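Each number in the working numbering corresponds to the 1-based position in the sequence shown with 142 added. Where a beta carbon is used, it is the ideal one built from N, C-alpha and C, also for glycine. Please read these numbers as outputs of a predicted model, since none were measured by experiment.
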Amino acid sequence: MPFRFPVQFELPKHCYVNGRVIKDQFKRLQYAEHEVTRNALRYIARNTELSARVRLEAQLQLTAMPKYTSYSQIKNRCVASGHAKSVLTDFKLNRVCLYQEVNMT
């Protein structure tokens, strides 16, 4: 079966791995690669001192970029279970896993 994503990348070794975690990791890598280009195009598209044609061209290039290069596509996930809801960013755990870790010690 061929690899689902167009780019080969390393899977995270420190956390639970399922399809959603792999997908999120792929989106994080793509965002990191395209961050500078995307921010430059956003700046040009929003700069009112430039001509309308240049701004429109930048906006068209921005919309032509893949959607997974956007920051809004990235979701924080629990490193222990892969869950996406109620993840505490300081610990990278969701509330249930954090509760279990606290009770174990």
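Which of helix, strand or coil DSSP assigns to residue i
i: N245; result: helix
i: N160; result: coil
i: V229; result: strand
i: N236; result: strand
i: V196; result: helix
i: V221; result: coil
Contacting residues, own chain, Cβ-Cβ under 7 Å from residue i (five flanking each side not counted)
i: S223; result: Y158, N236, C239
i: Y213; result: Y173
i: F233; result: L240
Contact belief for residue i with residue j at Cβ below 8 Å, rounded distance in angstroms
i: A200; j: A187; result: 4 Å
i: L204; j: R184; result: 7 Å
i: T211; j: H176; result: 4 Å
Other residues of its chain near residue i: CB distance less than 8 Å, five sequence neighbours each side excluded
i: K227; result: N236
i: V229; result: N218, R219, C220, L235, N236
i: N160; result: G224
Check whether residue i and residue j have beta carbons under 8 Å apart
i: L166; j: K217; result: In the sequence as presented, Leu is not what sits at residue 166; that position holds Asp. Yes. Within cutoff.
i: R197; j: N189; result: yes
i: K169; j: Q242; result: no
6 Å Cβ shell around residue i - same chain, five flanking residues per side excluded
i: V221; result: C157, K234
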